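There are 2 protein chains.
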Amino acid sequence: MSGNLQIVLGRRPTARPAVRDFVVCEGDFPVAGPDEALVRTILVSVDPAMRGWVLDGPNYLPPVPVGSPMRSFGIGQVVVSNLPGFGPGDLVVGMTGWQEWAALRRTEIQRRIDPGLAPVSTALGVLGVTGLTAYVGMLDIGRPTPGSTVLVTTAAGAVGSLAGQLASLQGARTVGLTGSDEKRRLCVEHFGFDAAIDYRAEDDLAEAIRCACPDGVDVFFDSVGGATLDAALANLNVGARVAVCGTIGLPPDGEADGPRIERRILVNRISMQGFLATDHLHRIDGVVEELAGWLRAGRIRHREEISPVLTDAPAALVRLLEGRNTGKSLVRVADIDP
Amino acid sequence: MSGNLQIVLGRRPTARPAVRDFVVCEGDFPVAGPDEALVRTILVSVDPAMRGWVLDGPNYLPPVPVGSPMRSFGIGQVVVSNLPGFGPGDLVVGMTGWQEWAALRRTEIQRRIDPGLAPVSTALGVLGVTGLTAYVGMLDIGRPTPGSTVLVTTAAGAVGSLAGQLASLQGARTVGLTGSDEKRRLCVEHFGFDAAIDYRAEDDLAEAIRCACPDGVDVFFDSVGGATLDAALANLNVGARVAVCGTIGLPPDGEADGPRIERRILVNRISMQGFLATDHLHRIDGVVEELAGWLRAGRIRHREEISPVLTDAPAALVRLLEGRNTGKSLVRVADIDP
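First to last, the sequence lines map onto chains A and B.
Going by this note's numbering, the first residue of the first sequence is number 1, and it counts up by one from there.
Going by this note's numbering, the first residue of the second sequence is number 339, and it counts up by one from there.
Structure below.
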């Protein structure tokens, strides 16, 4: 327990972050203040939202300061606790950042994990904010009905693969959009999509969606935006719902021109709603319980890609943003103290 | 009872319809078929949606055929009825079209009017589809709460003026967008908006909205789209709702480019929903009853502009589409037979 290995934002990227934008540092070993818990980081999360977090400009969170450890969700094990209700050995999900040790205020701790429920790594994925994201976007906003057609972007990814399975559980027909033939097969064979499209192999994505969704699209779960949204909008049915989960297909600040969509929204009486899972954290225990039930019953599947050491985190983020991962991307930092 | 004066679509306009696109004809006097009622037209409606109805291209209704009487809502008085439940003298709202006489099937009759409730002309305006449009857009979709800020387009118009008053009744602060200083004053002094902006007088509409809505905008009732929507989006609060009622600021087919909006929808968790009042006609009796209560209690006001003869209808439509009317635009065709 000497220093604190950290991955720090070394400079502010102007576009997609690169490995060289991050610096490996030895920070001070943190001390738990009067309203804090000292945790040892076990695993950290790598998320598409990080692209926005490191940039200047308006977002739903202030940008990560240059010189600070990268913001991230993580799993920590409590070593010293000055927080009522938390004691040494407890496993928690919180904003650990990309570092070995963190002193967390109560507001930075999202919840305690029950390690008997499922492998603890799932608390950052299918049984964590990833699961909550898919749940809110698909079940609260998308609300698929039996026999309806549901189109899901980044369908082999952590959120998309779960969103598709949740729609299947509702009896919907699911079609996935993904970025390689390998992932296309993964969508159909592993995650149970009824069909999947490798958008990189299509000259006319709207036409490819039309072929895969002959009855049109009733629910569109969109983590991409841009031309992908345009292609989906061309296939939406009257009364369709669009859950806007991300805009990874746009420049990070979202500034781009394209066809105006309000006439189509009007004519087809479309409802389009943006959401952030973090607005729904107060519901996560109930959602996780429900998802855990489906997971134990074998009704939903998930994939994880765990990089073995903290210094891999920037490369894992770049892989993710290039669409070269499959499943939830995590980085191992330390083992749980049994 | 010889012929049937009709205003027929003489040719298909390519942009905003002009008076010369319509032709005055003497059609055949209609005969009520076995499942029809013959009505004498009393009043017909002039609506922004007509711009879309006369064009080719995808819309929520097929285009009005060239050579047919212009499609419109109207008030008719039944002369001969082969429909159970309707008898001579009854006043009905239905798709009379711009013509003196019409044989209406049951599906073309929206409802019977109670002439004791209010002047019958209101059945095409504040106590008709116009009222239903404002009600659905503001109360079902916008859902303003006390103290919230509501921004309304075409605020001196039939739908906008009512939408603003419905928001005021919910305790919201209302700001109207309108196209002249005279209408701006009408919004504030007659319809009770807390503030109004003459958008034609503003170089920077987003900035003008910012000044008029210092706490941001929680509900945006949009009948315009395009640059007006962009200016409003720049001022929407987290969780804001946009009711997409029309796109009169776009070319008729809605085809235009502009800034992409999905990032803003995501970051501010905005919900944007298109609607057509005609989807909600099954609810109109209840809505009209509620609106009639407010009208009788003096809690809402409305304006009408009634052109005196049927042949005025094309010019009334052009006036409306140029924003030169105030209040609900109607055309008188005949007097009620007492």
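Idealized CB from N, CA, C, for every residue including glycine.
Keep in mind it's a predicted model, so treat the numbers as computed, not measured.
Applying a beta-carbon distance threshold of less than 8 angstroms, which residues of chain A neighbour residue i?
i: Pro396 (chain B); result: Val267
Looking at chain A, is there any beta carbon in it that lies within less than 7 angstroms of the beta carbon of residue i?
i: Ile608 (chain B); result: yes
i: Arg579 (chain B); result: no
i: Val582 (chain B); result: yes
i: Leu658 (chain B); result: no
i: Arg538 (chain B); result: no
i: Gly563 (chain B); result: yes
i: Gly592 (chain B); result: yes
i: Arg601 (chain B); result: yes
Given that residue i touches chain B, what residues does it touch there, using C-beta distances under 9 angstroms?
i: Val219 (chain A); result: Ordered by position in chain B, no residue passes the 9 angstroms Cβ test against Val219 (chain A), which lies about 14 angstroms from the chain.
What residues from chain A crowd round residue i, counting only those whose CB sits closer than 7 angstroms?
i: Asp595 (chain B); result: Asp257, Gly258, Pro259, Arg260
Reducing DSSP to helix, strand and coil, say where residue i ends up.
i: Ser223 (chain A); result: coil
i: Glu289 (chain A); result: helix
i: Ile300 (chain A); result: coil
i: Ala654 (chain B); result: helix
i: Val333 (chain A); result: coil
i: Met95 (chain A); result: coil
i: Met138 (chain A); result: helix
i: Leu515 (chain B); result: strand
i: Asp682 (chain B); result: The question about residue 682 (chain B) has no answer, for chain B in this structure spans 339 to 676.
i: Val416 (chain B); result: strand
i: Thr41 (chain A); result: strand
i: Met1 (chain A); result: Confidence at Met1 (chain A) is low in this model, with a pLDDT of 49, below 50, so the placement of that residue is unreliable and no value is reported for it.
i: Arg111 (chain A); result: strand
i: Ile603 (chain B); result: helix
i: Ser459 (chain B); result: helix
i: Ile345 (chain B); result: strand
i: Glu527 (chain B); result: helix
i: Met388 (chain B); result: helix
i: Asp553 (chain B); result: coil
i: Ile644 (chain B); result: strand
Confirm, please, whether the CB-CB distance from residue j to residue i is below 7 angstroms.
i: Leu236 (chain A); j: Val217 (chain A); result: yes
i: Gly564 (chain B); j: Gly587 (chain B); result: yes
i: Gly584 (chain B); j: Pro403 (chain B); result: no
i: Leu330 (chain A); j: Glu304 (chain A); result: yes
i: Ile209 (chain A); j: Leu233 (chain A); result: no
i: Ala510 (chain B); j: Pro482 (chain B); result: yes
i: Ala102 (chain A); j: Val39 (chain A); result: yes
i: Val188 (chain A); j: Ala196 (chain A); result: yes
i: Ala550 (chain B); j: Val513 (chain B); result: yes
i: Thr664 (chain B); j: Ser561 (chain B); result: no
i: Gly348 (chain B); j: Asp359 (chain B); result: yes
i: Ile336 (chain A); j: Ile141 (chain A); result: no
i: Ala651 (chain B); j: Trp436 (chain B); result: yes
i: Gly160 (chain A); j: Val150 (chain A); result: no
i: Leu83 (chain A); j: Arg106 (chain A); result: yes
Does the beta carbon of residue i come closer than 7 angstroms to any beta carbon on chain B?
i: Leu229 (chain A); result: yes
i: Thr247 (chain A); result: yes
i: Gln99 (chain A); result: no
i: Leu61 (chain A); result: no
i: Gly274 (chain A); result: yes
i: Leu250 (chain A); result: yes
Could you give the C-beta distance for residue i and residue j, rounded to a whole number, given that I count them as a contact under 8 angstroms?
i: Ala158 (chain A); j: Thr130 (chain A); result: 5 angstroms
i: Phe191 (chain A); j: Arg301 (chain A); result: 6 angstroms
i: Val136 (chain A); j: Arg111 (chain A); result: The pair is not a contact, with the Cβ atoms about 16 angstroms apart (cut-off 8 angstroms).
i: Val433 (chain B); j: Ile265 (chain A); result: The sequence as given places Met at residue 433 (chain B); Val does not occur at that position. Rounded, the Cβ-Cβ distance is 25 angstroms, inconsistent with contact.
i: Ala37 (chain A); j: Phe86 (chain A); result: 5 angstroms
i: Pro17 (chain A); j: Leu317 (chain A); result: 6 angstroms
i: Leu55 (chain A); j: Pro252 (chain A); result: 5 angstroms
Quiz item: Closer than 8 angstroms, Cβ to any Cβ of chain D: which residues of the region 610-636 of chain B, in chain order?
Solution: Among the protein chains of the structure shown, namely A and B, there is no chain D.
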